[in-house]
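Residues in the sequence shown are numbered consecutively from 1, following my numbering.
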Amino acid sequence: MQERLAEVAAGVAAHLDHVLAPFGTGELAQAMRYATEGGKRLRAYLVIEGARLHGVPAEQAIWPATAIEALHAYSLVHDDMPCMDDDDLRRGRPTVHRKWDEATAVLVGDALQSLAFECVADPRAGSGEVRAELCLGLARAAGGQGMVLGQALDIAAETAGTPLSLDEITTLQAGKTGALIIWSGIAGAVMAGADPAPLTRYAQAVGLAFQIADDILDVEGCAEETGKAVGKDAAAGKATFVSHLGLAGAKSRASALIDEAIAALDIYGEDGDDLRALARFVIARSS
């Protein structure tokens, strides 16, 4: 699984270089490339594997796979800024606003977001109908009904009089993290005109397990491995899956979700093995 993940990551990195080439070598372009470097490329992997399951050519799937990585990078750049989470490290390196400045970070995020839609809208991503459906789905997943809403709820929780309940945290993370993971999970089915329901169930479970695993890493992880600060949630008195369920309870819940995700792939038989392996990796990772 690690070998396949690395293979997909390398392909996406090369395609990001390709789509970023027209931006030139100025400061904005340099910062955009910096922001997109590294990471596990889990979302791109979901796109590529979902496409493979449905017989979609790799040269078509690489466009939405690159799009989701550009959009994810934008979200991290903005999320790290002082007005949001105020983080100094991302993937073991200074965040964009620390390496450059806040204005550059805003512009980098804006440019990467528009690049994501440029990639999804590219004619090589599929028919006009397919591209329209991918664009609509990505807009909803990324915006005020999805990731941005989740981030807004997260910011509001920091000054709320009482910590969020478990249900409220689940709703928050369904937007902040889960929406883009679901889009990634079903993109292959959309490209093929197939029923997205099995991959929707898979991606919903994987997305929630991913966030629970992040909460666990904030307790058990170390900055050297995670590439970012740890222990911030507890220090801020922030409600998390771990604070509600306890460490053992959070691990049990994450494991149960992975079982749900794997069961959703039964329809694909052995062809779903790579996605099954990814689901297991989500809660076994150290970063």
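Idealized CB from N, CA, C, for every residue including glycine.
Keep in mind that this is a model prediction, so the values were computed, not measured.
| Check | Outcome |
| --- | --- |
| Quick one: what does DSSP say Pro198 is sitting in, helix, strand or coil? | helix |
| Starting from the Cα of Leu166, find the closest Cα among Val96, Ala179, His244 and give me that residue. | His244 |
| My output table needs one value for Pro22: the three-state DSSP class, helix, strand or coil. | helix |
| Which residues mark the beginning and the end of the alpha helix (DSSP H) in which Met32 is found? | 27 to 36 |
| Answer with yes or no whether the minimum CB distance from Val206 to chain B is below 8 Å. | Looking at the structure shown, chain B is missing, and only one protein chain is on hand. |
| Using the DSSP secondary-structure output, state which residues sit across from Leu89 in a beta bridge. | Pro94 |
| Using 10 angstroms around the beta-carbon of Asp154, count the other beta-carbons present and answer buried if the total reaches 16, otherwise exposed. | buried |
| Throw me the rounded Cβ distance for the Leu71 and Ala116 pair, which I believe falls under 8 Å. | 4 Å |
| Taking 6 Å as the limit between beta carbons, can you name the residues of its chain near Ala157, skipping five residues before and five after? | Leu164 |
| Could you give the C-beta distance for Ile62 and His15, rounded to a whole number, given that I count them as a contact under 8 Å? | 5 Å |
| Express the C-alpha separation of Ala51 and Ala189 in angstroms, rounding to a whole number. | 7 Å |
| In whole angstroms, what separates the C-alpha of Arg124 from that of Pro196? | 21 Å |
| Do three or more CB pairs link the stretch 33 to 49 to the stretch 73 to 84 at distances below 8 Å? | yes |
| What number of angstroms, rounded off, separates the C-alpha of Glu118 from the C-alpha of Asp273? | 31 Å |
| Do Phe241 and Asp215 count as a contact pair if the criterion is CB distance below 8 Å? | yes |
| Please state the DSSP three-state secondary structure of Gln60. | helix |
| How many Å lie between Ala256 and Ile267 at the Cα? | 19 Å |
| Only counting the same chain, and skipping five residues up and downstream in sequence, which positions put a Cβ closer than 8 Å to that of Leu247? | Ile216, Val219, Glu220 |
| Whole angstroms is fine: what's the gap from Gly11's alpha carbon to Tyr45's? | 10 Å |
| So, for Phe307: in the same chain, excluding its five sequence neighbours on each side, which residues have a beta-carbon less than 7 Å away from its beta-carbon? | Residue coverage of the chain in this structure runs from 1 to 287, which leaves residue 307 outside it and unanswerable. |
| With burial defined as no fewer than 16 other Cβ atoms inside 10 Å of the residue's Cβ, what is the status of Ser114: buried or exposed? | exposed |
| Is the separation between the beta-carbon of Leu172 and that of Met1 shorter than 8 Å? | no |
| What does a CB cutoff of less than 8 Å around Ala105 pick up in its chain, not counting 5 residues either side in sequence? | Ala31, Val77, His78, Asp80, Met81, Thr95, Val96, His97 |
| Which two residues bound the contiguous alpha helix (DSSP H) that contains Arg52? | 42 to 53 |
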